[in-house]
Amino acid sequence: MLKKHITRAAAAAFAFSTGIAAFGGSALAADSPKAELDLAPSYTVSGMKSPGFAGSVAVHVKNVGSQRYYGEFPAIRFHVKVKTAQGPRGVDRLITTGNLEGAYTRDLGFDAKTSTRTFEITLSNPVNVGEDQLIGWFSFGDGDTQEGRLKNYITVTQVSRLDGDNSKGNDQNVDSRSHTTLDTGGKSAGIF
5 MLKKHITRAA AAAFAFSTGI AAFGGSALAA DSPKAELDLA PSYTVSGMKS PGFAGSVAVH
65 VKNVGSQRYY GEFPAIRFHV KVKTAQGPRG VDRLITTGNL EGAYTRDLGF DAKTSTRTFE
125 ITLSNPVNVG EDQLIGWFSF GDGDTQEGRL KNYITVTQVS RLDGDNSKGN DQNVDSRSHT
185 TLDTGGKSAG IF
């Protein structure tokens, strides 16, 4: 009976951490006048995710423009920077990634001087008008180190865009501390 309970609890925890794609909207960057081509990044996280402990964070882009967003060249790319909010500086944290909707996530490395790990997400599928597309997730390992517990936040910046996408007010340094919702729809502090 105990084994069955633990298995159900583990399944529920997994469902909550991966359910961030299916439930709850995502907090968008500040609204701006509707442009023809415009993507706005945001984040969702499970309400069970505690800062500094293991868990997953989803990265979304929403097409807030008036036209379908798709192009083969230049490739549509975003830089995702995982930065230290609290804890020892210059210490890296285990982060694994997942790709969705044809997006590809690449690890660009860790900069110990700034305590920042950078990833690049490249889109390969269109984002339709009004679509909030889950493009990837970041699974954080436990942040407990010999020097203290690491707590991180994320920023996303669109670094490559289609010709005609001139809107930069909602896709530059989009900070998880301001743009993260819980999978249940509530506001999150955006510290992981």
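Note that the sequence shown covers residues 5 to 196 in this note's numbering.
Virtual Cβ for every residue (Gly too), placed ideally from N, Cα, C.
Rounded straight-line distance, which links the Cα of residue j to that of residue i
| i | j | result |
| --- | --- | --- |
| G94 | K85 | 14 Å |
| A26 | D187 | Residue placement at A26 is poorly supported in this model, since its pLDDT is 42, which falls under 50; the coordinates are not used for a value here. |
| I125 | E151 | 31 Å |
| I242 | Q176 | This structure does not reach residue 242, given that the chain is present from 5 up to 196, and the question cannot be answered. |
| L127 | Q162 | 11 Å |
| H83 | K172 | 14 Å |
| R72 | V160 | 21 Å |
| V65 | S46 | 6 Å |
| R121 | V131 | 27 Å |
| D42 | A116 | 33 Å |
| R153 | T88 | 10 Å |
| G113 | G51 | 29 Å |
CB contact check: residue i to chain C, cutoff 9 Å
| i | result |
| --- | --- |
| R121 | Reference to chain C is not applicable here, since this structure consists of a single protein chain. |
7 Å Cβ shell around residue i - same chain, five flanking residues per side excluded
| i | result |
| --- | --- |
| G28 | Confidence in G28 is poor, its pLDDT being 44 and thus under 50, which makes the residue's placement unreliable; the coordinate value appears in the next sentence. Answer for G28: T48, T185, L186, D187, T188, G189, listed in chain order. |
Other residues of its chain near residue i: CB distance less than 6 Å, five sequence neighbours each side excluded
| i | result |
| --- | --- |
| K53 | G59 |
| T109 | T101, N103, F123, I125, G140 |
| Q90 | K155 |
| A107 | I125, L127, I139, G140 |
Outcome for residue i when other beta-carbon atoms lying within 10 angstroms are tallied against a minimum of 16
| i | result |
| --- | --- |
| G140 | buried |
| K155 | buried |
| F77 | exposed |
| S79 | With the sequence shown as reference, residue 79 is identified as Ala, and Ser is not the correct amino acid for it. Exposed: under 16 other Cβ atoms inside 10 Å. |
Closest Cα partner of residue i within the set the options
| i | options | result |
| --- | --- | --- |
| F142 | Q71, S182, F57 | F57 |
| S180 | K38, A62, S164 | A62 |
| D148 | P92, K38, R81 | P92 |
| G145 | P55, G168, Y74 | P55 |
Practice task
Let me know the beta strand (DSSP E) ranges lying completely inside the stretch 51-122, each 3 residues or longer, listed in chain order.
Solution key: 59-67, 80-90, 99-103, 108-115
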